[in-house]
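K.L.:
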DNA sequence: TCCCATTAGTTTGGTGATTGAATAAATTGA
DNA sequence: TCAATTTATTCAATCACCAAACTAATGGGA
């Protein structure tokens, strides 16, 4: 996930690879003995011993005092990830909030915060400062004080050049070509935290990682995460890797053309999926008495979604019809996606989650009818269980993932053995 | 491309990686000295010397006698790929032909053959025998006699489990669950060629590889190859890797739903891209006086395409309208693809190639209008220059690629230094 | 109780591959 | 002819893994 430059292989490359393999094995098998790790990985017991010693020295692994089940032979010393020493932080900035999540090596949440913030009005510079402040606050928290920081990630709703950490275009924030990583890095250096590993990525991409590593579809290497924030975006995880496309524009699910001469979309075209089934379109069709049909500046999306849910539960026919229709269009979009990519799962996130009980049944039906492969190619359709902080969590997890996959950005070492 | 199992890293793993890196560098820079390779790869001169000696021993690299430009200092010994000693063979079986291509290490064609063959009538077993015969004939050719065989690939139009080499479902051939690799392997063992590396894959996938390595868009790591044979399929190459999906069903571009209540498709649904712009649909719309509107058993597609081209050149309004319409639909399909995957290029192959002068202009126009990212996300749309043997060539190239990327299936070694 | 079989983990010697420095080789220019 | 320069090889050192021997800890049987 973090840039892996496929250079020539040397000694440290092989060590890093095996370090990552052992770490991943311990994560999955814990608690387990060195011998078990050796068996599972194919490495020698000697090598595993050496690597484990290294990992313990770095504070990533720890011997649990507890015994394994009583069997014949010398009992093994059980190993677990040491979740006390490290932490990874994920930030998310969106139109109307800043979200921050800290996780440990086990990807368990240490801290979560969700703050209302009018990012659009503030402008990029003020946003960067707000992110810095949120970060410093979390770093200073007693829960974090004793931990080394693996890195920080920032999720942004828009087109990102993740190699340089630049936000190419985020229309909803009105950012264009903002070098967020450089700016934030400078701000943090001024605040006494130089050289922090910083990762900037699209919110849908990081949401996909959150589902991959933490959702109820965890460990599904081919999945698509669909955001339902202001727009519709898709994070495409194929073969456990994010699919970004040649220019980083991949996943623009919201703007695939579905209906010739359909309703106008914010992008200037007609018949885009977003114009047919985006949250904004759904709300305007479901609540014609509350919202004017034409786009207005900004509405309180969260509140309107709640109202829609209330009315749907009450059986309001206008709302039910709007949701049925939107679900059908989402199904056609998903069918297109599944025909092209054949993922194992499609997960709807963001504001689609509360609406899922009404959206998913028609969506699933259309999907089944329009996918060429039998049984939708084995693809499940579900709502995310991660809530609005999915992208922030995913970002933090992406950092942990970088450790596991051997693309360690900063494997901290300690002299004490 | 050939299954790379990401196991623990050892010495040979690192050696294989560097072997591949050096080989690739020499391919791209040839003729070049060892010192230049060292500079380009970041490896030490000593290491490069060792690796080059190894490659020369294997017959993959050769010292050219020729001198470099005269400069100060000891002149370097120029290296090139040794294209004399090795060959890779690609087979393709399709509804009405068998195609075979042999290439050397430079991916230059050694032999090509294209034989009419009614695969559907023959059945899978006879097809396997036909493939064996074609292969033995090529292996026995004087041009091939002195060469070691890197491996053999087979392209099949249908769903393939490339790990096991089984054809899961090839409707146009009427094959269902045929273990082609095992069968062919057994036949070849009987014929005195045991243990040959055999690779079975989808024709669109291999077509994409052919474009990647040999087309005029060579070295574009994010490209989509669209087949125009009986059906429409897409080979998706992203980041230089084939995208297969969780069940190998990825790339079913022909069956994405584009038009609600559109024309009936062979798959039983309505409004699929294939029903709107597939070769069969185009021909029936373009040549209503020649072809009955309903599907008949089998028509001579090649001849009908030629006739369509003739009439289009003559300005036949029925034909021009049919092509314009098909191009528009292909544009919508391509726009969907580009919005989701953001490839650098979309290449049309098969029978779309002769029709390209009429299909591509409307296709490009629609693409430009329906892609969210500016300038179609930088995506080019072109017709393939590789002809009907694209998949066979791609298969042969995939084997060479496996060498380059370090996933050497069988790097042959020779005792003679 | 004692000893053996069994499993865990460490130590030791050895191998393969890269590295860095020194050396030899080949050529240009003064 | 002698520097200067660049190429390629050689050699010792290092690093990481591996195989096998060895130590350690436990349960089960005689």
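Protein chains in written order, with the working numbering: chain A, 805 to 1221; chain B, 805 to 1221. From the three backbone atoms N, C-alpha and C, an ideal C-beta is built for every residue, glycine too.
Just to confirm, are residue 915 of chain A and residue 886 of chain A a CB contact at a threshold of 8 Å?
P.N.:
No, these two residues do not count as a Cβ contact at 8 Å.
K.L.:
Below 8 Å on C-beta distance, what does residue 1208 of chain B contact in chain A?
P.N.:
Ordered by position in chain A, no residue passes the 8 Å Cβ test against residue 1208 of chain B, which lies about 12 Å from the chain.
K.L.:
Whose C-alpha, out of A:900, A:921, A:890 and A:919, is nearest the C-alpha of residue 906 of chain A?
P.N.:
A:890
K.L.:
Name the chain A residues that come within less than 7 Å of residue 1026 of chain B, Cβ to Cβ?
P.N.:
1049 and 1050
K.L.:
Counting only the same chain and skipping the five closest in sequence on each side, list residues whose C-beta sits under 8 Å from that of residue 1124 of chain A.
P.N.:
1116 and 1162
K.L.:
Does any residue of chain B bring its CB to less than 8 Å from the CB of residue 1143 of chain A?
P.N.:
yes
K.L.:
Helix, strand or coil: how does DSSP classify residue 882 of chain A here?
P.N.:
coil
K.L.:
Of the choices A:956, A:1114, A:812 and A:1110, whose alpha-carbon is the least far from that of residue 1202 of chain A?
P.N.:
A:956
K.L.:
Could you check which residue in A:979, A:847 and A:1160 has the C-alpha nearest to that of residue 929 of chain A?
P.N.:
A:979
K.L.:
Pull up the distance between the alpha-carbon of residue 1089 of chain A and that of residue 903 of chain B, whole angstroms please.
P.N.:
Looking at the two C-alpha atoms, the distance is approximately 56 Å.
K.L.:
Name the two residues that bound the continuous beta strand (DSSP E) containing residue 1152 of chain A.
P.N.:
1149-1152
K.L.:
Among the candidates A:834, A:1205, A:868 and A:823, whose CA atom is the shortest distance from the CA of residue 854 of chain A?
P.N.:
A:823
K.L.:
Taking only beta-carbon positions, decide if residue 993 of chain B is within less than 8 Å of chain A.
P.N.:
no
K.L.:
How many angstroms separate the CA atom of residue 1073 of chain B from the CA atom of residue 1038 of chain B?
P.N.:
One C-alpha to the other measures close to 19 Å.
K.L.:
Who are the near neighbours of residue 1219 of chain A in its chain, counting only those whose CB is closer than 7 Å to its CB and skipping five residues on each side?
P.N.:
In this prediction, residue 1219 of chain A scores a pLDDT of 45, lower than 50, which makes its location untrustworthy; no coordinate-derived value is stated.
K.L.:
Note the first and the last residue of the continuous beta strand (DSSP E) segment covering residue 982 of chain B.
P.N.:
979-982
K.L.:
Per the contact definition of three or more C-beta pairs closer than 8 Å, is the stretch 1126-1138 of chain B in contact with the stretch 1148-1166 of chain B?
P.N.:
yes
K.L.:
For residue 1195 of chain A and residue 969 of chain A, what's the separation of their Cα atoms in angstroms?
P.N.:
16 Å
K.L.:
So which residues on chain B does residue 1057 of chain A lean against when the C-beta distance must stay under 9 Å?
P.N.:
1143 and 1144
K.L.:
Can you pull the chain B residues whose beta carbon is under 7 Å from the beta carbon of residue 822 of chain A, in chain order?
P.N.:
812 and 813
K.L.:
How many Å lie between residue 1189 of chain B and residue 813 of chain B at the Cα?
P.N.:
40 Å
K.L.:
Count the other CB atoms, across all protein chains shown, that sit within 10 Å of the CB of residue 758 of chain A; report buried if there are 16 or more and exposed otherwise.
P.N.:
For chain A, the structure presents residues 805 to 1221; residue 758 of chain A sits outside this window and is missing.
K.L.:
For residue 1003 of chain B, is the classification buried or exposed, using 16 other Cβ atoms within 10 angstroms of its Cβ as the cut-off for buried?
P.N.:
buried
K.L.:
Taking any Cβ of chain B, which residues in the stretch 964-977 of chain A have a Cβ under 7 Å from it, in chain order?
P.N.:
none
K.L.:
Counting only Cβ pairs nearer than 7 Å, list the residues of chain B close to residue 1054 of chain A.
P.N.:
1144, 1145 and 1146
K.L.:
How many angstroms separate the CA atom of residue 1014 of chain B from the CA atom of residue 1199 of chain B?
P.N.:
A direct Cα-to-Cα measurement between residue 1014 of chain B and residue 1199 of chain B gives close to 7 Å.
K.L.:
So for residue 837 of chain A, helix, strand or coil by DSSP?
P.N.:
coil
K.L.:
Give me the subset of the stretch 1158-1174 of chain B whose CB atoms are less than 8 Å from a CB atom of chain A, sorted by chain position.
P.N.:
1173 and 1174
K.L.:
Determine, using beta-carbon pairs with one atom in the stretch 923-939 of chain B and one in the stretch 989-1002 of chain B, whether at least three such pairs fall under 8 Å.
P.N.:
yes
K.L.:
Closest to residue 827 of chain A by C-alpha separation, out of A:816, A:860 and A:869, would be which residue?
P.N.:
With distances taken between Cα atoms, residue 827 of chain A lies closest to A:860.
K.L.:
DSSP on residue 1293 of chain A, reduced to helix/strand/coil?
P.N.:
No answer is possible for residue 1293 of chain A: it lies beyond the span of chain A, which begins at 805 and ends at 1221.
K.L.:
At which residues does the alpha helix (DSSP H) containing residue 1174 of chain A begin and terminate?
P.N.:
Residues 1156-1174.
K.L.:
Apart from the five residues just before and just after residue 811 of chain A, which ones in its own chain have a Cβ nearer than 6 Å to its Cβ?
P.N.:
Closer than 6 Å at the Cβ level, and outside the excluded window around residue 811 of chain A, lies no residue.
K.L.:
Within the 8 Å Cβ cut-off, does residue 836 of chain B reach chain A?
P.N.:
no
K.L.:
For residue 1056 of chain A, which three-state DSSP category applies?
P.N.:
coil
K.L.:
Excluding the 5 residues preceding and the 5 following residue 1008 of chain A in the sequence, name in chain order all residues of the same chain whose CB lies nearer than 7 Å to its CB.
P.N.:
1029, 1031, 1037, 1038, 1039 and 1055
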